[in-house]
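A.B. asks: Below is a structure I'd like to ask you about.
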């Protein structure tokens, strides 16, 4: 996950994913676990709710289908609204119909990671930075010899090994002896940029359009400090480039005005970019999360994770529980 310091993330709810998929199951379960964790560890969050909006008549059937998918996926609290009902909640919204999700929200992802670090250290573990993973060799009696780089390069042994390095998942898999190349899924870089609003937005809830192929589409959120942010778009790239082209503001304005016609001119400023570890290219079907245990690759004691993009952060605690159970 590519999260910047103090970046607030939205919590997904599992509306869009095929019933029975890991994404659907982990997102619903993970959101419940996440809110409980944020509460118990006093990590700042805001359950503000979300509207998924049909901005034209042609999108009404898609909103209905998404609503039914959410109900089937056991997403609680959903309400299917007529356009007038949605506009009563958010008067400046252009809506022909909408889904109201009261369980959606935003949270401090950096604070969440610090809380997780505290849990690890309280359990006797360590979080080590500037210590790149350089490879691993399975040991004859079980476990692994792990090669760690950096200034304090060393070799450590472990009984189990879990790899979840995001964009580097495929590269890391190639450094584990005995890992079959045929079990490594393809790697695609999906870049998305965000723009922030220079003034104040009129919305209290997250505003999402219907998803586009491979992504959730350019949406609106307000962070915990009140800053309004729009994004992301989706462009497949060959290299990791986190620059934001200011010229994209014109495209963002056109898209945002579909659900907020009152967006002022020249009100957007480049904010940041992120890159998702996608397993599919343009026009291809979006695959599920990939959790590869010994039944995939034949390496006992190893769990390799691929394609943990959205809704990976919301799902993180559920993913961790599933990995722990699989390796127990």
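Numbering (our numbering), first residue to last: 40 to 367.
For each residue, glycine too, the CB sits at the ideal point set by N, CA and C.
Scan the segment 253-327 and note each continuous beta strand (DSSP E) run of 3 residues or more that stays entirely inside, going in chain order.
C.D. replies: 258-261, 267-270, 274-276, 307-317
A.B. asks: Report yes if the C-beta distance between residue 263 and residue 142 is below 8 Å; otherwise report no.
C.D. replies: Position 224 of the chain shown, counting from 1, holds the residue named residue 263. Position 103 of the chain shown, counting from 1, holds the residue named residue 142. Their beta carbons are not under 8 Å apart, which means residue 263 does not touch residue 142 by this criterion.
A.B. asks: Could you name each continuous beta strand (DSSP E) segment of 3 residues or more that falls completely within the segment 40-111, going from the start of the chain to the end?
C.D. replies: 47-50, 89-93
A.B. asks: If you measure between the beta carbons of residue 217 and residue 340, is that distance less than 8 Å?
C.D. replies: As a first step, residue 217 must be located in the chain shown, where it is residue number 178. As a first step, residue 340 must be located in the chain shown, where it is residue number 301. Contact: no.
A.B. asks: Mind listing, in chain order, the continuous beta strand (DSSP E) runs of no fewer than 3 residues lying wholly within the segment 209-237?
C.D. replies: 227-236
A.B. asks: I'd like to know whether the C-beta atoms of residue 326 and residue 335 end up nearer to each other than 8 Å.
C.D. replies: As a first step, residue 326 must be located in the chain shown, where it is residue number 287. As a first step, residue 335 must be located in the chain shown, where it is residue number 296. Going by C-beta atoms, residue 326 is not nearer than 8 Å to residue 335.
A.B. asks: If you count every other CB in all the chains shown that lies within 10 Å of the CB of residue 193, and 16 or more means buried, which is it?
C.D. replies: Residue 193 sits at position 154 when you count from the first residue of the chain shown. It counts as exposed.
A.B. asks: Counting only the same chain and skipping the five closest in sequence on each side, list residues whose C-beta sits under 7 Å from that of residue 40.
C.D. replies: Looking up residue 40 in the chain shown gives position 1. Only weak support is given to the placement of residue 40: the predicted model assigns it a pLDDT of 25, under 50, and the value that follows is read from those uncertain coordinates. Around residue 40, the same chain offers 205, 351, 352 as residues with beta carbons nearer than 7 Å, after the five sequence neighbours per side are excluded.
A.B. asks: What would DSSP say about residue 174, mapped onto helix, strand or coil?
C.D. replies: Walking along the chain shown from the start, residue 174 turns up at place 135. Three-state DSSP puts residue 174 in a strand.
A.B. asks: Closest to residue 223 by C-alpha separation, out of 62, 72, 346, would be which residue?
C.D. replies: Taking the chain shown and counting its residues from 1, the one referred to as residue 223 is at position 184. It is 346 whose Cα lies nearest to the Cα of residue 223.
A.B. asks: Candidates 105, 277, 127: which alpha carbon is nearest residue 225's?
C.D. replies: For this step, residue 225 is matched to residue 186 along the chain shown. When only C-alpha atoms are compared, the closest one is 277.
A.B. asks: Taking the CB atoms as reference points, tell me whether residue 242 and residue 308 lie closer together than 8 Å.
C.D. replies: For this step, residue 242 is matched to residue 203 along the chain shown. For this step, residue 308 is matched to residue 269 along the chain shown. It is not a contact, given that the beta carbons lie outside the stated cut-off.
A.B. asks: Under a Cβ-count criterion, where at least 16 other Cβ atoms within 10 Å of its own Cβ denotes burial, should residue 145 be classed as buried or exposed?
C.D. replies: If you number the chain shown from 1, residue 145 lands on position 106. Buried is the call here.
A.B. asks: So what's residue 348 in DSSP terms, helix, strand or just coil?
C.D. replies: Looking up residue 348 in the chain shown gives position 309. Three-state DSSP puts residue 348 in coil, outside helix and strand.
A.B. asks: Figure out for me which residue from 275, 270, 314, 282 has the closest Cα to the Cα of residue 290.
C.D. replies: Here residue 290 is taken as the residue at index 251 of the chain shown, counted from 1. When only C-alpha atoms are compared, the closest one is 270.
A.B. asks: Counting pairs of beta carbons, one from the segment 106-123 and one from the segment 51-71, are three or more of them closer than 8 Å?
C.D. replies: yes
A.B. asks: What does DSSP give as the partner residue(s) for residue 184 in the beta ladder?
C.D. replies: For the purposes of this step, residue 184 is taken as residue 145 along the chain shown, with counting starting at 1. DSSP output for residue 184 lists 176, 196 as bridge partner(s).
A.B. asks: Residue 251 to residue 76, Cα distance in whole Å?
C.D. replies: Numbered from its first residue, the chain shown carries residue 251 at position 212. Numbered from its first residue, the chain shown carries residue 76 at position 37. Distance between the alpha carbons of residue 251 and residue 76: 31 Å.
A.B. asks: Which residues in the same chain as residue 44 place their Cβ atom closer than 8 Å to its Cβ, once the five residues preceding and following it in sequence are excluded?
C.D. replies: Mapped onto the chain shown, residue 44 falls at position 5. Because the pLDDT of residue 44 is 35, which lies under 50, any placement of that residue in the model is unreliable, and the number read from its coordinates should be weighed accordingly. So the list reads 149, once near-sequence residues are dropped.
A.B. asks: If you compare alpha carbons, which of 118, 282, 189, 184 is closest to residue 169?
C.D. replies: Locating residue 169 in the chain shown gives position 130, where the first residue counts as 1. Answer by Cα proximity: 189.
A.B. asks: Select from 284, 258, 314 the residue whose C-alpha is nearest the C-alpha of residue 294.
C.D. replies: Within the chain shown, the letter at position 255 stands for residue 294. When each option's Cα is compared against that of residue 294, the closest is 258.
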